[in-house]
Amino acid sequence: MSAPVAGDSGQPEPRAEPVAARFAAGDRIRVKDDWPERRGPCHIRTPHYLRGREGTVQAVLGAFPNPEDLAFARPAPLRVLYHVLFDQPPIWHEGTEGDTVLVEIFEHWLEPAATPAKEAA
Amino acid sequence: MSAPARPESIARLEKLVAALKAKGIVTEQEIADRQASTDRASPEIGARMVARAWLDPEWRALLLRDGAAAAEQMGVSMAGAPPLGVLEDKPGLHHLVVCTLCSCYPRAVLGYPPSWYKSFEYRSRAVREPRAVLAEWGTVLPPDTKIRVVDSTADYRWMVLPMRPAGTEGWSEDRLAALVTRDALVGVALPQVPLAAAAE
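Going down the list, the protein sequences come from chains A and B. Residue -16 is where the first sequence starts when you use my numbering, and the numbers rise one by one after that. Residue -3 is where the second sequence starts when you use my numbering, and the numbers rise one by one after that.
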């Protein structure tokens, strides 16, 4: 299999072939508390404000070439991309109960959450 | 749109295009085609998509399932464009789109993003204090509505499918589409029925 690369347009394109997803909709996850920015030049699409935060997988969006490699013109393996839902007030210690943030996050940034799923919110 | 291009910028661009052509990556025609389709894209496309979704449940289902396929059906070329996701507002749930990392925006169906969308202020505040941002816009959500901020961080582009305003029963697709502004398509505003029409 040749290394997946960006499409002709320069835009990453999803592959038709399914890539096994580690998480499913409804799974509680934690965003890794990792800071590659401290280790050297990088291109990270995981917002700082979500590092170490727990959320719930809302959907599996498909698999896309890893932007962290694309940005440096390296062969970019496919990574599963998730839509992950977070309660908004705990992130900022302010806000309105019930407001949420929905964010695309790649699988290698996710790990199972320490706390189980909330009962019917 | 902005300051005129400087001669050195133009020279650099010409070298880049020449290199892309020499390597067989892109042709002059492809560049021209992309420029044309980018210039054609405008919020009117997104507004038509919304109006049609308000009128046609089957098409609405397609739009929510696969926004790019729905756009293609309306004659929008999505070749090479990122996948399009559509966020369905419901009673009690309002979506607001932002890209905190850069300025990802569903250009294929909304055209160029407005400058405020790319501003540091909008990008940092929308995700942290969305209610304050909406209040400054003069956008009043129905009571007990939760806000879902969608931070567009990766490969998808997102547009909002707002709720159809009351008082528009029997309206045509054209008339409905005229209610859907660019700002409503990313959730900083709501479609409003003009007072004159509401009084009819």
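Even glycine gets a Cβ: it sits at the ideal position worked out from N, Cα and C. In this text, all values refer to a predicted model and were calculated from it rather than measured experimentally.
* To the nearest angstrom, report how far apart Pro95 (chain A) and Tyr32 (chain A) are at their CA atoms. => 18 angstroms
* Please decide whether Ile88 (chain A) counts as near chain B, where near means a Cβ-Cβ distance under 9 angstroms. => yes
* Does any CB atom of chain A fall closer than 9 angstroms to the CB of Pro79 (chain B)? -> yes
* Using Cβ-Cβ distances below 8 angstroms, what residues of the segment 56 to 79 of chain B are close to chain A? -> Ala75, Gly76, Ala77, Pro78 and Pro79
* Is Met45 (chain B) buried or exposed, if buried means 16 or more other CB atoms sit within 10 Å of its CB? -> buried
* **Contact set for Pro161 (chain B): own chain, Cβ-Cβ below 8 angstroms, skip 5 residues either direction** => Leu175, Leu186, Pro187, Gln188 and Val189
* Return the first residue and the last residue of the beta strand (DSSP E) that Glu84 (chain B) is part of. => Leu80 to Glu84
* Pairwise C-alpha distance: Ala97 (chain A) and Gly107 (chain B) -> 42 angstroms
* What do you get for Asp52 (chain B), buried or exposed, if any count of 16 or more other CB atoms within 10 angstroms of its CB means buried? -> exposed
* Should Val93 (chain B) and Gly183 (chain B) be called a contact, given that it needs their Cβ atoms to be closer than 9 angstroms? -> yes
* Where DSSP assigns a beta bridge to Met155 (chain B), which residues make up the other side? -> B:Val82
* **Minimum length 4: unbroken alpha helix (DSSP H) runs contained in the segment 97 to 125 of chain B** => 103 to 106, 111 to 114 and 116 to 124
* Can you name, in chain order, every residue of its own chain whose Cβ lies under 6 angstroms from the Cβ of Ala43 (chain B), other than the five neighbours on each side? -> Ala173 and Val176
* Asked: With a CB to CB cut of under 7 angstroms and the five nearest residues on each side skipped, what residues in its chain are close to Glu80 (chain A)?
  -> Pro72
* **7 angstroms Cβ cut-off: residues of chain A touching Leu97 (chain B)** => Arg28 and Pro30
* To do: Report, in whole angstroms, the separation of the C-beta atoms of Ile27 (chain A) and Glu37 (chain A), which I expect to be a contact under 8 angstroms.
  => Between Glu37 (chain A) and Ile27 (chain A) the Cβ distance is about 19 angstroms, and since that is not below 8 angstroms, they are no contact.
* Where does Phe69 (chain A) land, buried or exposed, given buried means 16+ other C-beta within 10 angstroms? -> buried
* Counting only runs that start and end within the segment 23 to 69 of chain B, where is the alpha helix (DSSP H) found for 4 or more residues in a row? -> 24 to 36, 39 to 51, 53 to 61 and 63 to 69
* Name the residues in the segment 64 to 78 of chain A whose C-beta lies less than 9 angstroms from a C-beta of chain B; which are they? -> Leu64, His66, Leu68, Gln71, Ile74, Trp75, Glu77 and Gly78
* **Contact under 9 angstroms by Cβ, Ala42 (chain A) with Pro50 (chain A)** => no
* Chain-ordered chain B contacts of Phe55 (chain A) [CB-CB under 7 angstroms] -> Within chain B, no residue comes near Phe55 (chain A); the closest Cβ sits about 17 angstroms away, beyond 7 angstroms.
* **Proximal chain B residues relative to Asp82 (chain A), where beta-carbon distance stays under 9 angstroms** => Pro126, Arg127, Lys142, Ile143, Arg144 and Val145
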